[in-house]
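Enquirer:
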Amino acid sequence: MSEHFFEVVEHTADVGIRSEASSLPRLFSNIAMGMTSLMADPRKVEPAESKKIEIEAEDLEGLLVEWLNELIYLIDAENLIFSRFEISDLSETHLAATVSGEAIDPTKHELKVQVKAATYHQLKIEKKDSSWSAQVIFDI
Amino acid sequence: MALPKRHVVPPSGVREIRPHVYEIPREHRPGMRVPGVIFADPDLIEAAAADRAIEQVANVAFLPGIVRASYAMPDIHWGYGFPIGGVAAMAVDGVVSPGGVGFDISCGVRLLRTDIEAKDARGRMAQIMHELSRNIPKGLGGRGKITLTLTQIAGVLGQGVKWCIDNGYGWPEDANFVEQSGAYPGADPDLVSAHAKGRGVNQLGTVGSGNHFVEVQEVAEVFDNQAATTLGLFPGQLVVMIHSGSRGVGHQVCTDYLKEMGRVTKEYGFELPDRQLACAPLDSAAGKNYLKAMAAAGNFGLANRQAIAHLVRQSFEVLFGTGAMALGMRLIYDVSHNIAQFENHELDGKTTELCVHRKGATRAFGPGRPEVPAAYSEIGQPVMIPGDMGTASYVLVGTEQSMRECWGSTCHGAGRVMSRKAAVKQMGGRALLAELSAKGIVVEAGNVRMLSEEAPYAYKDVSRVVDVCEAVGLSKKVAKLRPLGVLKG
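Just so you know, the protein sequences line up as chains A and B, in that order. According to my numbering, the first sequence is numbered sequentially starting from 13. According to my numbering, the second sequence is numbered sequentially starting from 17.
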């Protein structure tokens with residue numbers, strides 16, 4: 013499993029993830045892994061089962077929020093948690109990916125908070141030289 | 017209780033116009049259609065400024081159709097677009113904004129009474145909490161005992177509490193003591209996405225994580241004997257409080273419609289200082305659709321607390337070996353603190369219909385209002401304020417003055433003062449458990465490590481918040497409730 017770089021951002025009532033990457037797909041996958049880390053220990057999540065995701069949005073920020081909210085839907089509705097994110101297509105308005113993980117298991121995954129939604133709060137995706145960065149705040 | 021008197025300079029942009037009433041004048045930011053009004057005291061207003069929540073109160077004042085003021089309660093803290101603790105009423109030609117309702121649509125509180133005296137139950141509290149914990153799923157990955165089909169969840173979304181009662185989860189009279197008689201008007205399950213329904217089918221009758229709870233409490237103090245008697249409360253009584261909401265359903269509906277509203281806001285050309293104030297005119301298709309979906313999600317929240325209450329009654333039947341009715345486990349009231357509702361209010365001497373957004377604020381209608389259950393008409397609408405697990409919760413009633421001050425609204429709780437990380441750093445979960453145990457409080461937590469995130473020190477002083485509301489006249493204290501057993505996700 014390749015390295016994912018992300019940082020947790022502290023807020024009074026909620027929590028966020030900040031990340032930097034050399035490519036946009038990498039950035040999106042880092043933040044998704046960061047989100048997993050808020051809920052459980054990602055090292056304990058085996059990428060045993062895969063799901064395909066395909067989404068659209070009006071702009072890049074919207075796409076990032078939509079991506080994370082789609083993962084949240086799968087986590088909540090299908091009781092899965094993910095540790096591998098393979099993004100096959102990513103433009104300003106469209107994303108396709110295969111995500112892998114397994115059923116949530118309280119005895120194995122060291123569960124933490126429940127992430128309920130990704131928000132637009134203080135959301136910014138920035139490109140500086142060859143590096144992309146973003147921060148997303150979650151409702152927990 | 018006399019509130020501390022201090023003469024301090026309020027934060028920039030804010031001036032105290034009356035005791036405990038702070039105004040942000042329209043001149044503070046060009047674009048504000050009305051002033052901001054924050055109910056607070058010197059410490060609470062400083063906390064609001066530090067949190068940047070004051071700017072959010074000002075931002076809400078930009079919304080088209082907002083009437084009189086952008087209000088905020090003493091427990092204010094920053095939120096998405098609207099601050100938490102915000103109240104904003106719109107004229108019917110104004111807008112509706114999902115950020116003014118919140119992600120957890122119809123998060124709210126329910127209070128069940130019993131005939132049991134707390135002193136007779138205290139010795140068995142561990143046993144009581146264990147039984148509740150067995151029956152009521154909580155936290156991440158907690159699957160409900162009730163699994164709904166897609167047809168059934170449509171029923172819940174459309175009918176709210178009535179669906180539960182018709183399916184054996186509750187007593188027929190329960191609906192009379194729920195806001196809107198158990199179902200928000202205009203709910204349309206077809207406007208709730210498949211994603212939202214998919215999240216909800218396993219979640220009916222589940223508490224959820226964070227600051228949600230089921231608490232067994234003792235009536236520690238009665239402030240208003242007449243109101244307490246009318247509600248069915250007495251000193252030393254054992255009661256059960258439920259704080260929960262619409263779970264994944266509400267969150268998904270909010271997510272879905274924030275995306276939709278973002279598009280619509282652009283089309284209408286609204287100039288808003290924050291993307292999360294995305295809105296649509298109340299009489300537009302987008303606005304109406306949101307309200308219908310919001311009402312449906314709200315119904316899930318009401319039904320969820322109804323289902324949890326049913327599981328509480330069942331648990332007590334096992335524990336005490338007799339029927340819940342024989343135990344006197346009547347529903348006192350159930351009210352949300354994240355919802356938007358059409359209401360009639362006095363505006364410039366005329367009765368006017370307004371759409372009132374309350375996010376982290378509770379409706380608190382006064383005596384005689386038709387929305388108040390007939391049995392409570394003399395005393396006003398009950399309000400339950402959930403405190404943190406170490407201190408106290410409150411029962412209040414709404415007042416006529418509240419109708420004039422703030423569209424009949426009051427606070428909802430205490431609001432956080434520190435981040436989860438800082439809270440966990442201050443004390444570990446096990447140490448907190450030991451400290452609460454020493455105070456006679458039994459805690460059943462789904463996740464002990466994370467328990468300190470919800471520690472009492474992470475929250476504002478709820479008593480202070482409630483006292484400011486009383487000083488302004490937004491609500492009146494009826495009783496103070498002390499936690500004996502806490503069930504948390």
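Here a beta-carbon is modelled for each residue, glycine too, at the ideal position from N, C-alpha and C.
Can you grab the Cα-Cα spacing for the pair alanine 236(B) / valine 482(B), in whole Å?
Expert: On the second sequence, position 220 is the one that residue 236(B) refers to. On the second sequence, position 466 is the one that residue 482(B) refers to. Near 16 Å, if we compare the C-alpha coordinates of valine 482(B) and alanine 236(B).
Enquirer: Please name the residues in the stretch 118-132 of chain B whose beta-carbon is closer than 8 Å to at least one beta-carbon of chain A, in chain order.
Expert: Per Cβ criterion, the list reads Phe119 and Asp120.
Enquirer: Near lysine 56(A), which residues of its chain fall below 8 Å by C-beta distance, leaving aside the five closest residues on each side in sequence?
Expert: Position 44 of the first sequence, counted from the first residue, corresponds to residue 56(A). Here the set comprises Lys120, His121 and Glu122.
Enquirer: Between alanine 134(B) and histidine 259(B), what straight-line distance do the alpha-carbon atoms span, to the nearest angstrom?
Expert: One-based indexing of the second sequence puts residue 134(B) at position 118. One-based indexing of the second sequence puts residue 259(B) at position 243. Whole-angstrom Cα-Cα distance: 20 Å.
Enquirer: Could you list the residues in the stretch 113-128 of chain A with a C-beta less than 7 Å from some C-beta on chain B, going in chain order?
Expert: Cβ contacts with chain B come from Ile116, Pro118, Leu123, Lys124, Val125, Gln126 and Lys128.
Enquirer: Beta carbon of valine 117(B), beta carbon of cysteine 295(B): below 9 Å?
Expert: Here residue 117(B) refers to the residue found at position 101 of the second sequence. Here residue 295(B) refers to the residue found at position 279 of the second sequence. Result no, Cβ atoms of valine 117(B) and cysteine 295(B) do not sit closer than 9 Å.
Enquirer: Using a Cβ-Cβ distance under 9 Å, would serine 143(A) count as near chain B?
Expert: In the first sequence, the residue the question calls residue 143(A) occupies position 131. Chain B contact via Cβ: absent.
Enquirer: Which whole-angstrom value describes the C-beta separation of glutamate 125(B) and alanine 104(B), a residue pair presumed to lie in contact below a C-beta threshold of 8 Å?
Expert: Residue mapping note: residue 125(B) aligns to position 109 of the second sequence, counting from 1. Residue mapping note: residue 104(B) aligns to position 88 of the second sequence, counting from 1. In the sequence under discussion, the amino acid at residue 125(B) is valine, which differs from the glutamate named in the question. No, valine 125(B) and alanine 104(B) are not in contact; Cβ-Cβ is about 21 Å, not under 8 Å.
Enquirer: Residue range of the beta strand (DSSP E) that isoleucine 33(B) falls in?
Expert: Start at 1 with the first residue of the second sequence, and residue 33(B) comes out as number 17. Counting along the chain, the beta strand (DSSP E) containing isoleucine 33(B) begins and ends at 31-34.
Enquirer: Can you tell me whether valine 83(B) is buried or exposed? The criterion is at least 16 other CB atoms within 10 Å of its CB, across all chains shown.
Expert: Residue numbering aside, residue 83(B) sits at position 67 when the second sequence is read from its first letter. Under this definition valine 83(B) is a buried residue.
Enquirer: Comparing the CB of phenylalanine 98(B) with every heavy atom of the ligand SAM, is any distance shorter than 8 Å?
Expert: With respect to the ligand SAM, the structure offers nothing, as it holds no ligand at all.
Enquirer: Confirm, please, whether the CB-CB distance from histidine 211(B) to aspartate 290(B) is below 9 Å.
Expert: Taking the first residue of the second sequence as position 1, residue 290(B) is located at position 274. Taking the first residue of the second sequence as position 1, residue 211(B) is located at position 195. For aspartate 290(B) and histidine 211(B), no; Cβs fall outside 9 Å.
Enquirer: Please confirm whether histidine 36(B) and alanine 450(B) have their CB atoms less than 9 Å apart.
Expert: Position 20 of the second sequence, counted from the first residue, corresponds to residue 36(B). Position 434 of the second sequence, counted from the first residue, corresponds to residue 450(B). Not closer than 9 Å, so no.
Enquirer: Within 9 Å of any Cβ in chain A, is that where the Cβ of asparagine 463(B) sits?
Expert: Stepping through the second sequence from its first residue, residue 463(B) is reached at position 447. Asparagine 463(B) counts as touching chain A.
Enquirer: Report buried or exposed for proline 201(B), applying the criterion of at least 16 other Cβ atoms within 10 angstroms of its Cβ.
Expert: Here residue 201(B) corresponds to residue number 185 of the second sequence, with the count starting at 1. Exposed: under 16 other Cβ atoms inside 10 Å.
Enquirer: By the three-class DSSP mapping on this structure, what secondary structure does histidine 326(B) have?
Expert: For the purposes of this step, residue 326(B) is identified with residue 310 of the second sequence, where counting begins at 1. Three-state DSSP puts histidine 326(B) in a helix.
Enquirer: Taking Cβ-Cβ distances shorter than 8 Å, what residues in chain A pair up with serine 197(B)?
Expert: Residue numbering aside, residue 197(B) sits at position 181 when the second sequence is read from its first letter. In chain order: nothing, as chain A lies at least about 28 Å away.
Enquirer: Less than 9 Å between the C-beta atoms of valine 177(B) and alanine 199(B), yes or no?
Expert: As a working note, residue 177(B) is residue 161 in the second sequence. As a working note, residue 199(B) is residue 183 in the second sequence. The answer is yes: Cβ separation under 9 Å.
Enquirer: May I have the straight-line CA-CA distance separating glutamine 292(B) from leucine 343(B), to the nearest angstrom?
Expert: Taking the first residue of the second sequence as position 1, residue 292(B) is located at position 276. Taking the first residue of the second sequence as position 1, residue 343(B) is located at position 327. For glutamine 292(B) and leucine 343(B), the distance between alpha carbons rounds to 47 Å.
Enquirer: Counting only Cβ pairs nearer than 7 Å, list the residues of chain B close to histidine 133(A).
Expert: Taking the first sequence and counting its residues from 1, one reaches residue 133(A) at position 121. Those within 7 Å of histidine 133(A) in chain B are Tyr96 and Gln292.
Enquirer: Aspartate 53(A) touches chain B at which residues, Cβ-Cβ below 9 Å?
Expert: For the purposes of this step, residue 53(A) is taken as the residue at position 41 of the first sequence. Neighbours of aspartate 53(A) on chain B: none; closest Cβ ~12 Å, over 9 Å.
Enquirer: Which one of Ser409(B), Arg379(B) and Arg420(B) has the shortest CA to CA distance from glycine 365(B)?
Expert: Counting from one through the second sequence, the residue named residue 365(B) turns up at place 349. When each option's Cα is compared against that of glycine 365(B), the closest is Arg420(B).
Enquirer: Within a Cβ cutoff of 7 Å, which residues of the same chain sit near aspartate 131(B), ignoring the five residues on either side of it in sequence?
Expert: Here residue 131(B) refers to the residue found at position 115 of the second sequence. Leu343 and Gly344, listed in sequence order.
Enquirer: Enumerate in chain order the residues of its own chain whose CB-to-CB distance from alanine 107(B) is below 6 Å, with the five nearest sequence positions on each side excluded.
Expert: Along the second sequence, one-based indexing puts residue 107(B) at 91. Excluding residues within five positions, the ones whose Cβ falls inside 6 Å are Gly81 and Val83.
Enquirer: Going by CA-CA distance only, name the one from Arg379(B), Ala243(B) and Ala170(B) that's closest to glycine 216(B).
Expert: Residue 216(B) sits at position 200 when you count from the first residue of the second sequence. Answer by Cα proximity: Ala170(B).
Enquirer: Please report the straight-line C-alpha distance between glycine 115(B) and tyrosine 132(A), rounded to a whole angstrom.
Expert: Start at 1 with the first residue of the second sequence, and residue 115(B) comes out as number 99. Start at 1 with the first residue of the first sequence, and residue 132(A) comes out as number 120. Cα-Cα distance, rounded: 11 Å.
Enquirer: Between the Cα of methionine 400(B) and the Cα atoms of Thr222(B), Val194(B) and Gly186(B), which residue gives the shortest distance?
Expert: Your numbering for residue 400(B) matches position 384 in the second sequence. For the residues Thr222(B), Val194(B) and Gly186(B), the minimum Cα distance to methionine 400(B) belongs to Val194(B).
Enquirer: Three or more beta-carbon pairs under 8 Å between the stretch 375-385 of chain B and the stretch 425-436 of chain B, yes or no?
Expert: Yes, they touch.
Enquirer: Would you tell me roughly how many angstroms separate the C-alpha atoms of glutamate 71(B) and valine 53(B), rounded to the nearest one?
Expert: Taking the first residue of the second sequence as position 1, residue 71(B) is located at position 55. Taking the first residue of the second sequence as position 1, residue 53(B) is located at position 37. One C-alpha to the other measures close to 12 Å.
Enquirer: First and last residue of the beta strand (DSSP E) that includes histidine 259(B)?
Expert: Within the second sequence, residue 259(B) is the residue found at index 243, counting from 1. Per DSSP, histidine 259(B) belongs to the beta strand (DSSP E) from 253-260.
Enquirer: Name the chain A residues whose beta carbon is nearer than 8 Å to that of aspartate 350(B)?
Expert: As a working mapping, residue 350(B) is identified with position 334 in the second sequence. What aspartate 350(B) touches in chain A: nothing, since even the nearest Cβ is about 22 Å away.
Enquirer: In angstroms with no decimal places, state the Cα-to-Cα distance between proline 58(B) and proline 26(B).
Expert: Counted from its first residue, the second sequence places residue 58(B) at position 42. Counted from its first residue, the second sequence places residue 26(B) at position 10. Straight-line Cα distance between these residues: approximately 7 Å.
Enquirer: Within the continuous beta strand (DSSP E) that includes alanine 33(A), where are the two ends?
Expert: The residue you call residue 33(A) lines up with position 21 of the first sequence. Per DSSP, alanine 33(A) belongs to the beta strand (DSSP E) from 27-33.
Enquirer: Quick one: list the residues of chain B neighbouring glycine 74(A), beta-carbon separation under 8 Å, in chain order.
Expert: Numbered from its first residue, the first sequence carries residue 74(A) at position 62. Near glycine 74(A) (Cβ distances below 8 Å), the residues of chain B are Lys275 and Gly278.
Enquirer: For chain B, is any of its Cβ atoms less than 9 Å away from the one on isoleucine 84(A)?
Expert: Counted from its first residue, the first sequence places residue 84(A) at position 72. Yes, its Cβ sits closer than 9 Å to a Cβ of chain B.
Enquirer: Are the C-beta of tryptophan 435(B) and some C-beta of chain A separated by less than 9 Å?
Expert: As a first step, residue 435(B) is located in the second sequence; it is residue number 419 there, counting from the start. Before going on, a small fix: residue 435(B) reads as serine here, not tryptophan. For serine 435(B), the answer is yes, since a Cβ of chain A falls inside 9 Å of its Cβ.
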